[in-house]
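A short worksheet on the structure shown next.
2 protein chains.
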Amino acid sequence: MEQPSESLSRRERERKARRAEMLAAAQEVFAEKGYNNATLEEVAARAEFGKGTLYNYFPGGKQEILLAIVEHFHDELCSLITRTFDANGSVDFRTSLTSFFEDTFAFFLERSELFLTLLQEAHRIGLSDDPEPRQFFGEQRERAIRALAIPLEEAMHRGEIRRSSPRLLAHMILVNLNGAQMKACMSRDTATDFPSSASSMAQFLTALMLDGVGHRTHDTPSRPSPGRMAVSS
Amino acid sequence: MEQPSESLSRRERERKARRAEMLAAAQEVFAEKGYNNATLEEVAARAEFGKGTLYNYFPGGKQEILLAIVEHFHDELCSLITRTFDANGSVDFRTSLTSFFEDTFAFFLERSELFLTLLQEAHRIGLSDDPEPRQFFGEQRERAIRALAIPLEEAMHRGEIRRSSPRLLAHMILVNLNGAQMKACMSRDTATDFPSSASSMAQFLTALMLDGVGHRTHDTPSRPSPGRMAVSS
DNA sequence: TCGCATCATGACCCGTCGGTCACCTTTTGA
DNA sequence: TCAAAAGGTGACCGACGGGTCATGATGCGA
């Protein structure tokens, strides 16, 4: 009455599924309310369990739930990154970067509230707390950076982008991505001078990252010469 | 026994000074602990007042203190922006942008914890709360964007950067600035492939914003031609 | 010196929420 | 069919912190 390895026992499978349901509920609540204002009561209610049951699955309580979410978030992000660049491996870097922005833009956009919450907690936990969760946060972030740095480094080797630190560049790309996403959030009601579709946003970011905004009519010491940019719409 | 206008009465002056002390203390505590984990008890203690006294100066309690801090933060930021660009009004845009990054980098860096806290609260309050503080946050952010958009628009008129939305560009510049600052925070312990001084950071950001990282060896439809970047150290 | 007004104070009140545990239901295996 | 194990539950507890207010101190004008 047991399948020891491979496919888990019904028990194990159901346990896993329940855990996942709880995590999904917690993600929603944390995203809506922020970590501190989210109550385990509400998480439990949304997952359709009693509060006590949460502790059967996450003995570490609220914080363990947070860490599990962080891990899951980075799982998704990393797999999105590698999938995107693998699929575009053979085309030129500009094109694959654009499609990367397009794919990830949607990813971040629909998780923007959660992302901000995680960011805040990463910071809060990052200093003045146990070193254990602190280190955990660092490792997770590192995973995403590393995943993105790989295709960047390859592009550098192919001479498609100039050589610099792939990890630093990876960081700046992620920063620009979620900066754009924040802007999109904030100006949803008000301002309109903003690329509205994911694809025009992706093109804007690609141009910004690869070409900058300079007209390059000034010669500066080591930057010999011109090349003008198209004026965007 | 009253100086009705101009210089305020001793009373008024002292009241103002006390308020400022309380704000300074609250800034410290909010930055260290985050808004939720900061206690008014600790704010009061650090300002060397009793907790009750806070309510004489901020009848709105914790939230009123938060809003006052947000306003003060943006006062500082805006005046820094205009000061920096006024002082560099006559030199070319690349140079003044670099000095802008250098000045503001320090500003953000020494307030990074506070900034993250404000960011989180802006988000939390930004949705699902009273519309009143929500609007307040929006207005404050708008002030900074507008202050920065002015010199950007001028540079566009002078043809030093390509035409696009000054406000969008202002946003992206601020985003890159504090993204860099976050990176600096995070990799303080660990990674080393990072511009360490404010001035090398400023140059990195200027190059990224104005020139991008592309080698521009590919011709894409509307971007005719080359111009290579110096390889940073 | 006296009375009044202003102001500082921290003990206290009270709502909230993370975490616990005694109890109940369901499943299992004989 | 039944007992034992496993699992689910929510009432309850205790800590915590925002906000209040009775009390006392201080200053000021008469």
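So the sequence lines, in the order shown, correspond to chains P and Z.
According to my numbering, the first sequence holds residues 1 to 233 in order.
According to my numbering, the second sequence holds residues 1 to 233 in order.
Even for Gly, the Cβ is constructed at its ideal location relative to N, Cα and C.
Every value quoted in this text rests on a predicted model; they were computed, and no experiment measured them.
{"Check": "Straight-line Cα distance separating Phe-30 of chain P from Ala-24 of chain P", "Outcome": "10 angstroms"}
{"Check": "Rounded separation between Lys-62 of chain Z and Ala-17 of chain Z - CA only", "Outcome": "19 angstroms"}
{"Check": "Separation of Leu-177 of chain P from Ser-79 of chain P, as counted between CA atoms", "Outcome": "17 angstroms"}
{"Check": "Spatial distance of Glu-160 of chain P from Arg-94 of chain P (CA atoms)", "Outcome": "8 angstroms"}
{"Check": "Gln-120 of chain Z at chain P interface by Cβ criterion, 7 angstroms", "Outcome": "yes"}
{"Check": "Exposure label - Gln-211 of chain P; buried when at least 16 CB within 10 Å", "Outcome": "Contrary to the premise, residue 211 of chain P reads as Asp rather than Gln in this sequence. By the 10 Å Cβ count, Asp-211 of chain P comes out buried."}
{"Check": "Alpha carbon of Ala-202 of chain Z to alpha carbon of Arg-162 of chain P, nearest angstrom", "Outcome": "18 angstroms"}
{"Check": "Local conformation of Ser-225 of chain Z per DSSP, three classes", "Outcome": "The pLDDT assigned to Ser-225 of chain Z is 37, lower than 50, so where the model puts this residue is not dependable, and the model offers no usable value."}
{"Check": "Short CB-CB distance (under 7 angstroms) between Ile-69 of chain P and chain Z", "Outcome": "no"}
{"Check": "Backbone CA spacing between Phe-108 of chain Z and Glu-21 of chain P [nearest angstrom]", "Outcome": "40 angstroms"}
{"Check": "Coil, strand or helix - Gly-50 of chain Z by DSSP", "Outcome": "coil"}
{"Check": "Closer than 7 angstroms to chain P by CB, Arg-13 of chain Z", "Outcome": "no"}
{"Check": "Per-residue DSSP class, three states only, for Gly-214 of chain Z", "Outcome": "strand"}
{"Check": "Chain Z contact for Gln-3 of chain P (CB, 7 angstroms cutoff)", "Outcome": "Any answer about Gln-3 of chain P is weak, because its pLDDT of 42 lies below 50 and its placement is not dependable; what the coordinates show is given next. So, not an interface residue."}
{"Check": "Contacting positions in the segment 133-167 of chain P - beta carbon closer than 8 angstroms to chain Z", "Outcome": "Gly-138, Arg-141, Gly-159, Glu-160, Ile-161, Arg-162, Arg-163, Ser-164, Ser-165, Arg-167"}
{"Check": "Interface flag, His-74 of chain P vs chain Z, CB-CB below 7 angstroms", "Outcome": "no"}
{"Check": "Cβ-based neighbour list, Gln-120 of chain Z, same chain, cut-off 8 angstroms, excluding 5 preceding and 5 following", "Outcome": "Gly-34, Tyr-35"}
{"Check": "Candidates P:Phe-73, P:Leu-54, P:Ala-149, P:Gln-181: closest to Gln-140 of chain P by CA position", "Outcome": "P:Phe-73"}
{"Check": "Near-chain Z residues of the segment 27-51 of chain P - C-beta to any C-beta below 9 angstroms", "Outcome": "Glu-32, Lys-33, Gly-34, Tyr-35, Asn-36, Asn-37"}
{"Check": "From Z:Gln-181, Z:Glu-153, Z:Ala-180, Z:Ala-149, residue whose alpha carbon lies closest to that of Ala-170 of chain Z", "Outcome": "Z:Ala-149"}
{"Check": "Straight-line Cα distance separating Glu-32 of chain Z from Ser-112 of chain Z", "Outcome": "10 angstroms"}
{"Check": "Proximal residues, the segment 100-120 of chain Z versus chain P, C-beta separation under 9 angstroms", "Outcome": "Ser-112, Glu-113, Leu-116, Thr-117, Leu-119, Gln-120"}
{"Check": "C-beta neighbour in chain P for Met-209 of chain Z, strict 7 angstroms", "Outcome": "yes"}
{"Check": "Residue-level contact to chain P via CB, Ala-20 of chain Z, 7 angstroms cutoff", "Outcome": "no"}
{"Check": "Positions along the segment 79-92 of chain Z whose CB lies within less than 9 angstroms of some CB in chain P", "Outcome": "Asp-92"}
{"Check": "Euclidean distance between Cα positions of Pro-166 of chain Z and Glu-153 of chain Z", "Outcome": "6 angstroms"}
{"Check": "Cβ of Lys-183 of chain Z within 7 angstroms of any chain P Cβ", "Outcome": "yes"}
{"Check": "Segments of 4+ residues assigned as alpha helix (DSSP H) that fall wholly inside the segment 123-166 of chain P", "Outcome": "131-157"}
{"Check": "Closer than 7 angstroms to chain Z by CB, His-218 of chain P", "Outcome": "Because His-218 of chain P carries a pLDDT of 41, less than 50, the predicted location of this residue cannot be relied on, and the following value inherits that uncertainty. Closer than 7 angstroms to some Cβ of chain Z, the Cβ of His-218 of chain P qualifies, so yes."}
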